[in-house]
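Trainee: Dropping the structure in here first, questions after.
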Amino acid sequence: MVTRLNDVLLRQRRMDVFYYPSLVLLAAASTTTLVNESKNKRTRDTAKEERDMQNIRLFTGEMMPLERHKVRIVQKLELLPVEERLQKLQDAKNNLYLLRNKDIFLDMLTDSGVNAMSDNQMAAMLNADDAYAGSETFYQLEAKVKEIFGLDHFLPTHQGRACEKVLADLLVKPGHLLPMNYHFTTTKAHIVRCGGEVIELLCEGGEECESNKPFKGNMNTQALRDFLATNADKVPFVRMEAGANLIGGQPFSLANLKEAAAITKEFDIPLVLDASLLQDNLYHIKKREASCQDMSVREITRAIADCCDIIYFSARKFGFAKGGGIAMRESPQVNRLKELIVLNEGFLTYGGMSVREMAAITIGLEETMDMSVISQGPEFIAYMVGELKKRGVPVVTPAGGLGCHLNAMKFVPNIPGEEYPAGALASALYIAGGIRGMERGTMSETRKPDGSENIAPMELLRLAIPRRVFTLSQIKYAIDRVHWLWENRSLIEGIRFSKEPQILRFFIGELEPVSDWQEKLAKRFRQDFGDSL
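Residues are numbered in the working numbering as their position in the sequence shown, beginning at 1, plus a constant of 79.
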């Protein structure tokens, strides 16, 4: 309607005739109507999201997170007797990465590549266009990434770690300094490999395990400004991680990202976002940031993207399937990155992914814009954190994304950092319940040049909660076994490396307990639980 009226006005001007004021008023009225309708729709959409977000109250008054999905495909799980769990742990050299999946009851190691896919994702996989080059499935994925982020280019990779590699290969040189809110293990490894140094500028209180600060993943923007004022010539980019993984999946606020973006723009330095855990960060922005509560998830996502020059992600987390990619603005670096993608990953229309995975990611990214989909993980995490806190178990608060994080420094304060408190606690939890978690502490760090341990400021056992995988009864089982372990924590002692790789040692290193404490723990379990597994 408005377009047609504008055409009429334009023709009248070209004919040098007078146009009627009433026609202008009609155009203005039509525009106002359209704006009001848009506002009303936005209000309705926001109200629907609010309904989707609510926990369900039982008749007893109990609040509980209720699954907004039904299970249609299942996988059988085995819970081994405690004596067999002890033996399997010893066979795996006390490294939970080396356990076989069939020997695990609840796998809470990670949310990477193990999220449940929706029926629409599975259907899309069957309809993928299988081609080495020029697949329509890739172009559909590319269009979805551009639609969500509003950036000019999309380069596919097989996972997030591949994004880190090609970006580091291209941008990081010896002597470079890389400011970020917090590092991730593989990110840091690639930067150091290329001769760079990570500079962590986390906000004050970000490394406090217990607090009520809603955005502990924020960048210290004043520290960023001060650092760039004297080091800008050594900084190839500034990195923000959406949901700082190693400090408990803690989110940053949209306001903080905007501040960081304004500073990087002032110094003409690119801002790079690791969006692998973006969906949990979106949830927390929507829930906790007052200025964003009337925004849709899609609007928050675009506002985040508007701050960034490059966004990379692991679709194993963000998109619910196996893949990854780099979205970026027009830049002289685009063609150079394309060359590295072809060299390292594959052709530009698949990047190491199967077309089936690309089809699933396209649907998964759209589903990520739905609050009822992305709320399930954070709600289950918050429930687990709250229940453990009631039992006196030390956990990271407020609940973040990715999983529930146990504070090993308080759980097993008798274990020194050199004997890996979080790693020992992970071993103990497998013995106690067949539950595999992930150590996030000193064992995940690298040694100092003199060979001494780089003691981590936080020792966390991460119990990841993959999306749409576990039922609430399984979460309650995990809570119970952690609670039992807390009551028997005096039995837990340390572990040490018997075979230690130099790079990312926590993945493939071999460890041993410092005493026979694991046998004692298994014996106590049998005493307390009798014939129960």
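Glycine included, C-beta positions come from ideal geometry on N, C-alpha and C.
All of these numbers come straight from a predicted model, not from anything done at the bench.
ASP186 by DSSP, collapsed to three states: which one?
Mentor: One-based indexing of the sequence shown puts residue 186 at position 107. Residue state, collapsed to three classes: strand.
Trainee: Just the Cα atoms here: how many angstroms apart are LYS469 and CYS273?
Mentor: For the purposes of this step, residue 469 is identified with residue 390 of the sequence shown, where counting begins at 1. For the purposes of this step, residue 273 is identified with residue 194 of the sequence shown, where counting begins at 1. Near 46 Å, if we compare the C-alpha coordinates of CYS273 and LYS469.
Trainee: Under the three-state reduction of DSSP, which class applies to ASP595: helix, strand or coil?
Mentor: Numbered from 1 along the sequence shown, position 516 holds the residue referred to as residue 595. In this structure, ASP595 counts as coil in the three-state DSSP scheme.
Trainee: In chain order, what residues of the same chain lie with their CB nearer than 8 Å to the CB of THR300, ignoring the 5 residues before and after it?
Mentor: Reading the sequence shown from its first residue, position 221 is the one you call residue 300. Here the set comprises ASN335, GLU338, ALA339, ILE342.
Trainee: Excluding the five sequence neighbours on either side, which residues of its own chain have a C-beta within less than 7 Å of the C-beta of GLY327, listed in chain order?
Mentor: Numbered from 1 along the sequence shown, position 248 holds the residue referred to as residue 327. The residues are VAL475, GLY479, HIS484, LEU539.
Trainee: Can you list, in chain order, the residues of its chain whose CB lies under 8 Å from that of ALA107, leaving out five sequence neighbours each side?
Mentor: Mapped onto the sequence shown, residue 107 falls at position 28. Bear in mind that the predicted position of ALA107 carries a pLDDT of just 44, short of 50, making it too unreliable to give a figure here.
Trainee: If we ignore side chains and look at the alpha-carbon of each, how far apart do SER451 and ASP610 end up?
Mentor: As a first step, residue 451 must be located in the sequence shown, where it is residue number 372. As a first step, residue 610 must be located in the sequence shown, where it is residue number 531. Taking the straight line from one Cα to the other gives about 40 Å.
Trainee: Taking only runs that begin and end inside the segment 329-365, name each unbroken beta strand (DSSP E) of 3 or more residues, in chain order.
Mentor: 350-353
Trainee: Straight-line CA distance for ARG304 to MET319?
Mentor: Numbered from its first residue, the sequence shown carries residue 304 at position 225. Numbered from its first residue, the sequence shown carries residue 319 at position 240. Answer to the nearest angstrom: the Cα atoms are 15 Å apart.
Trainee: Which residues does DSSP list as the beta-bridge partners of LYS578?
Mentor: Within the sequence shown, residue 578 is the residue found at index 499, counting from 1. DSSP links LYS578 through a beta bridge to GLU589.
Trainee: Would you kindly report the start and end of the unbroken alpha helix (DSSP H) that includes MET319?
Mentor: One-based indexing of the sequence shown puts residue 319 at position 240. MET319 -> not in any alpha helix (DSSP H); beta strand (DSSP E) instead, spanning 317-320.
Trainee: CA-CA distance, PRO477 and VAL245?
Mentor: To locate residue 477, count along the sequence shown from 1; it is residue 398. To locate residue 245, count along the sequence shown from 1; it is residue 166. Taking C-alpha positions only, PRO477 is separated from VAL245 by approximately 34 Å.
Trainee: At the level of alpha carbons, what is the spacing between VAL224 and ILE420?
Mentor: Counting from one through the sequence shown, the residue named residue 224 turns up at place 145. Counting from one through the sequence shown, the residue named residue 420 turns up at place 341. Each residue's alpha carbon lies about 17 Å from the other.
Trainee: Does the count of Cβ pairs from the segment 597-605 and the segment 279-296 closer than 8 Å reach three?
Mentor: Judged by Cβ distances under 8 Å, the segment 597-605 makes no contact with the segment 279-296, as fewer than three pairs qualify.
Trainee: Can you grab the Cα-Cα spacing for the pair GLU436 / GLY402, in whole Å?
Mentor: Indexing the sequence shown from 1 puts residue 436 at position 357. Indexing the sequence shown from 1 puts residue 402 at position 323. Rounded to the nearest angstrom, the two C-alpha atoms are 7 Å apart.
Trainee: Cβ of ILE574 within 9 Å of Cβ of ALA503?
Mentor: Reading the sequence shown from its first residue, position 495 is the one you call residue 574. Reading the sequence shown from its first residue, position 424 is the one you call residue 503. Yes, the pair counts as a contact, with Cβ atoms nearer than the cut-off.
Trainee: Can you tell me the Cβ-Cβ gap for GLU518 and ALA505, rounded? I've got them flagged as a contact below 8 Å.
Mentor: Looking up residue 518 in the sequence shown gives position 439. Looking up residue 505 in the sequence shown gives position 426. About 5 Å separates the two Cβ atoms, so the contact holds.
Trainee: What separation, rounded to the nearest whole angstrom, lies between the Cα atoms of PRO235 and ASP529?
Mentor: Looking up residue 235 in the sequence shown gives position 156. Looking up residue 529 in the sequence shown gives position 450. One C-alpha to the other measures close to 39 Å.
Trainee: Let me make sure I understand the geometry here. Which of ASN310, ALA268, HIS237 has the alpha-carbon closest to that of ASP248?
Mentor: Residue 248 sits at position 169 when you count from the first residue of the sequence shown. It is ALA268.
Trainee: Answer with buried or exposed for TYR211, where buried requires no fewer than 16 other C-beta atoms within 10 angstroms of its C-beta.
Mentor: Walking along the sequence shown from the start, residue 211 turns up at place 132. Counting Cβ neighbours within 10 Å, TYR211 comes out exposed, since fewer than 16 surround it.
Trainee: What's the gap between the Cα of GLU163 and the Cα of LEU175?
Mentor: For this step, residue 163 is matched to residue 84 along the sequence shown. For this step, residue 175 is matched to residue 96 along the sequence shown. Going by the C-alpha atoms only, they are around 15 Å apart.
Trainee: Which first and last residues belong to the alpha helix (DSSP H) in which MET463 is found?
Mentor: In the sequence shown, counting from the first residue as 1, residue 463 sits at position 384. 455-469 is the span of the alpha helix (DSSP H), which, as asked, contains MET463.
Trainee: Among all the DSSP beta bridges, which residues are the ones paired with VAL560?
Mentor: Locating residue 560 in the sequence shown gives position 481, where the first residue counts as 1. What sits at residue 560 in the sequence shown is Arg, not Val. DSSP lists no bridge partner for ARG560.
Trainee: Are ALA406 and LEU250 touching if we call contact CB-CB under 9 Å?
Mentor: Numbered from 1 along the sequence shown, position 327 holds the residue referred to as residue 406. Numbered from 1 along the sequence shown, position 171 holds the residue referred to as residue 250. No, Cβ-Cβ distance for ALA406 and LEU250 is not below 9 Å.
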